[in-house]
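Notes to accompany the following structure.
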Amino acid sequence: MGVMQMVNKKGGGPFTQVDEEAFETFAVYCGLALHHAKLYDKIRRSEIKHRVAMEVLSYHGVCNSDEVNKLKKAVPQAESLQLLENFDFNAYSLSAVEKPLYAVYMFDTLFRDKFQYPHDDLIRFVLTVRKNYRVVPYHNWSHGWTVAHCSFVTLRKTHIFSLIEEIALYIACLCHDLDHRGKNNAYMKSMSTPLAMIYSTSVMEHHHFNQTVTILQQEGHNILQSLTREQYKECLSLMKHFILATDLALFFKNKDRMKEILTEGNFAWERKDHRSLAQALLMTSCDLVASAKPWSIQTDTVKVIFQEFYDQGDAEKKNGASPIPMMDREKAAEMPDLQVGFLQGICLVCFDLISQVLPATTQLLDRSKQNLGKWKQLAAESKNKQLAIDIEVKKSDDNHHSEETAD
1 MGVMQMVNKK
11 GGGPFTQVDE
21 EAFETFAVYC
31 GLALHHAKLY
41 DKIRRSEIKH
51 RVAMEVLSYH
61 GVCNSDEVNK
71 LKKAVPQAES
81 LQLLENFDFN
91 AYSLSAVEKP
101 LYAVYMFDTL
111 FRDKFQYPHD
121 DLIRFVLTVR
131 KNYRVVPYHN
141 WSHGWTVAHC
151 SFVTLRKTHI
161 FSLIEEIALY
171 IACLCHDLDH
181 RGKNNAYMKS
191 MSTPLAMIYS
201 TSVMEHHHFN
211 QTVTILQQEG
221 HNILQSLTRE
231 QYKECLSLMK
241 HFILATDLAL
251 FFKNKDRMKE
261 ILTEGNFAWE
271 RKDHRSLAQA
281 LLMTSCDLVA
291 SAKPWSIQTD
301 TVKVIFQEFY
311 DQGDAEKKNG
321 ASPIPMMDRE
331 KAAEMPDLQV
341 GFLQGICLVC
351 FDLISQVLPA
361 TTQLLDRSKQ
371 NLGKWKQLAA
381 ESKNKQLAID
391 IEVKKSDDNH
401 HSEETAD
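Here the sequence shown stands for residues 1 to 407, where the numbers follow UniProt numbering.
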């Protein structure tokens, strides 16, 4: 509330009706000015608090010098380096120190002779990326590393991409699930989470990309600093394109378009739209690489995937929602059938399409077909076992009914 005193000049007449109306109008503007001044002060204070919070998060969200020095002293094992060149490599066989060490090694192998970057910055970048993956069953640092490794093997076997495309692909793969909370986009939207309020589509994927850029912008983390302004802009654009491609909701549109192009027999890497489509499908293939690993790795991975699914299902139940069968731990017996559907409907389709434009990735298709056969076998065994249980229960019920009749 404000008070203003108006004094007429000496010798002047009294305030007229027009004067009073003009003053009332002026008073409204004064009130608006006061309101906006208070609002601006509130916004300014909020911005200051935000900067302080970001400083705190930045301090706790980046690696420390001890971690950097420790990794600089580590030496890769020759035997592991040979195995690293194959899609079958098992990320779970690496220790906590070895994963970032080999992530750095793969980047060096791909790019050390192609563009300049401070090696300490690369080490800091990788260690900070690791730190910004949450401790969740599946979408964690190990998964990010595995996807990056798939891109590494692909890039070592092919020579179709430009330097900027290769850099963007590798970084995108390593960072594509940064700060994943173990919950999918549908959950984020249904629970009206803050992230869902910010992004209307591909909620988590947009967040992963923004986290990646945030890390690159940290002091001592910008491994792209030697790129020109245009190259840097292109690299970020491609990274966003790659990371958004991990949203399976976009995959179905991409695979339909690629099928159409391949059926017509006119796919051309020189065409920008064709190239962009192939990039997206390659990224999806890298993200799905767990389905193309040897059977022992595939089954171990599926266990943690479903552990994460069931955790989400439990959270949905607590909020009064009914999870889909894939997320419901009470329907764990359906896992083999669900895997058959996932491999047939998504993985094999994706691997088949990418193998047609990048034949060097054919191993992904072949291995996933082998895994599909084993999942089908498990699904059949599971159905037979359930059938036996149902028959046994029916016999028990019939016997019980006969006894009651006899009585």
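C-beta atoms are modelled at their ideal positions from N, C-alpha and C, and glycine is treated no differently. Only a predicted model underlies this, so the values are computations on that prediction, with no experimental measurement involved.
Smallest Cα separation from residue i: which of the options?
{"i": "residue 454", "options": "Glu260, Lys293, Glu230, Ala360", "result": "Examination of residue 454 is not possible in this model, given that the chain is present from 1 through 407 alone."}
{"i": "Leu122", "options": "Gln211, Ile297, Ile171", "result": "Ile171"}
{"i": "Gln218", "options": "Val129, Ile354, Ala315", "result": "Val129"}
{"i": "Glu20", "options": "Leu34, Gly11, Met4", "result": "Met4"}
{"i": "Trp269", "options": "Ala22, Thr109, Ser162", "result": "Ser162"}
{"i": "Phe111", "options": "Thr146, Ile223, Ser202, Asn185", "result": "Ile223"}
{"i": "Cys150", "options": "Glu165, Lys131, Ile164, Cys173", "result": "Cys173"}
{"i": "Asp177", "options": "Lys233, Ser200, Met239, Pro194", "result": "Met239"}
{"i": "Glu330", "options": "Phe342, Leu84, Gln312, Cys347", "result": "Gln312"}
{"i": "Lys131", "options": "Thr158, Ile215, Gln116", "result": "Ile215"}
{"i": "Val203", "options": "Ile167, Lys233, Ile243, Ser237", "result": "Ile243"}
{"i": "Trp295", "options": "Val97, Lys99, Glu165, Gln370", "result": "Gln370"}
{"i": "Thr201", "options": "Asn184, Thr212, Ala148", "result": "Asn184"}
{"i": "His274", "options": "Leu84, Gly182, Pro14, Leu358", "result": "Leu358"}
{"i": "Ser80", "options": "Lys303, Lys99, Gly320, Leu155", "result": "Lys99"}
{"i": "Ile324", "options": "Val304, Tyr187, Gln363", "result": "Tyr187"}
{"i": "Glu260", "options": "Ala292, Gln356, Leu364, Gln231", "result": "Gln356"}
{"i": "Ala96", "options": "Ser65, Leu84, Trp141", "result": "Trp141"}
{"i": "Ala27", "options": "Met6, Gly13, Pro14", "result": "Met6"}
{"i": "Lys157", "options": "Gly373, His208, Thr146, Gln363", "result": "Gln363"}
{"i": "Gly345", "options": "Lys10, Leu372, Val153", "result": "Leu372"}
{"i": "Val104", "options": "Phe152, Gln82, Asn64", "result": "Phe152"}
{"i": "Asp146", "options": "Leu365, Val302, Cys286", "result": "Contrary to the premise, residue 146 reads as Thr rather than Asp in this sequence. Of the candidates Leu365, Val302, Cys286, the one whose C-alpha sits nearest the C-alpha of Thr146 is Cys286."}
{"i": "Ile160", "options": "Asn64, Cys30, Ser276", "result": "Ser276"}
{"i": "Tyr232", "options": "Arg271, Phe267, Glu166", "result": "Glu166"}
Do residue i and residue j have their C-beta atoms closer together than 9 angstroms?
{"i": "Tyr102", "j": "Pro76", "result": "yes"}
{"i": "Ala245", "j": "Ala280", "result": "yes"}
{"i": "His139", "j": "His180", "result": "yes"}
{"i": "Asp120", "j": "Gly265", "result": "no"}
{"i": "Ala249", "j": "Ile354", "result": "no"}
{"i": "Val135", "j": "Glu308", "result": "no"}
{"i": "Leu127", "j": "Glu67", "result": "yes"}
{"i": "Trp375", "j": "Leu348", "result": "no"}
{"i": "Phe87", "j": "Arg257", "result": "no"}
{"i": "Val213", "j": "Arg124", "result": "no"}
{"i": "Ala284", "j": "Phe251", "result": "The sequence given here has Thr at residue 284, not Ala. Going by C-beta atoms, Thr284 is nearer than 9 angstroms to Phe251."}
{"i": "Ala148", "j": "Met106", "result": "yes"}
{"i": "Lys305", "j": "Tyr92", "result": "Residue 305 is actually Ile in this sequence, not Lys. For Ile305 and Tyr92, no; Cβs fall outside 9 angstroms."}
{"i": "Glu85", "j": "Ile164", "result": "no"}
{"i": "Phe209", "j": "Leu288", "result": "no"}
{"i": "Gln211", "j": "Cys175", "result": "yes"}
{"i": "Met327", "j": "Glu334", "result": "no"}
Taking its Cβ as the centre, do 16 or more other Cβ atoms sit within 10 Å of residue i, making it buried, or is it exposed?
{"i": "Pro336", "result": "buried"}
{"i": "Tyr133", "result": "buried"}
{"i": "Phe89", "result": "buried"}
{"i": "Ala33", "result": "exposed"}
{"i": "Ile198", "result": "exposed"}
{"i": "Asn8", "result": "exposed"}
{"i": "Thr16", "result": "exposed"}
{"i": "Ile43", "result": "exposed"}
{"i": "Val393", "result": "Legend: pLDDT at Val393 = 48, less than 50; position of this residue unreliable, no value from coordinates given."}
{"i": "Gly144", "result": "buried"}
{"i": "Thr25", "result": "exposed"}
{"i": "Asp41", "result": "exposed"}
{"i": "Asp108", "result": "exposed"}
{"i": "Glu404", "result": "The predicted position of Glu404 is uncertain, since its pLDDT is 49 and thus under 50; a value taken from the coordinates is nonetheless stated next. Under this definition Glu404 is an exposed residue."}
{"i": "Gln116", "result": "exposed"}
{"i": "Asn254", "result": "buried"}
{"i": "Lys293", "result": "buried"}
{"i": "Leu94", "result": "buried"}
{"i": "Glu230", "result": "exposed"}
{"i": "Val18", "result": "exposed"}
{"i": "Thr263", "result": "exposed"}
{"i": "Ala168", "result": "buried"}
{"i": "Ile389", "result": "Confidence at Ile389 is low in this model, with a pLDDT of 47, below 50, so the placement of that residue should be treated as unreliable; the coordinate-derived value is given next. Exposed, because fewer than 16 other Cβ atoms sit within 10 Å of the Cβ of Ile389."}
{"i": "Asp113", "result": "exposed"}
{"i": "Tyr310", "result": "buried"}
{"i": "Leu83", "result": "exposed"}
{"i": "Leu39", "result": "exposed"}
What are the start and end residues of each continuous alpha helix (DSSP H) run of 4 or more residues lying completely inside the region 340-366, in chain order?
If one requires a minimum length of 4 residues, the alpha helix (DSSP H) runs lying completely within the region 340-366 are 348-357, in chain order.
Start-end ranges of the beta strand (DSSP E) lying completely within the region 121-177, minimum 3 residues
Qualifying beta strand (DSSP E) stretches: none in this window.
Considering only residues of the region 177-216, which uninterrupted beta strand (DSSP E) runs meet the minimum length of 3 residues and lie entirely inside it, listed in chain order?
Runs of the beta strand (DSSP E) spanning 3 or more residues and lying entirely within the region 177-216 do not occur at all.
Is it true that the region 336-349 meets the region 374-383, where meeting means three or more beta-carbon pairs spaced less than 8 angstroms apart?
Yes, since at least three Cβ pairs between the region 336-349 and the region 374-383 fall closer than 8 angstroms, the two stretches touch.
Sufficient close CB pairs (3 or more, under 8 angstroms) joining the region 181-196 to the region 314-325:
Yes, since at least three Cβ pairs between the region 181-196 and the region 314-325 fall closer than 8 angstroms, the two stretches touch.
Could I get the ranges of all uninterrupted beta strand (DSSP E) runs contained in the region 42-112, with 3 residues as the minimum, in chain order?
Not a single unbroken stretch of the beta strand (DSSP E) spanning 3 or more residues falls wholly within the region 42-112.
Starting from the N-terminal side, write out each stretch of the alpha helix (DSSP H) that is 4 residues or longer and does not extend beyond the region 240-321.
Listed in chain order, the complete alpha helix (DSSP H) runs (minimum 4 residues) inside the region 240-321 are 248-264, 272-287, 295-318.
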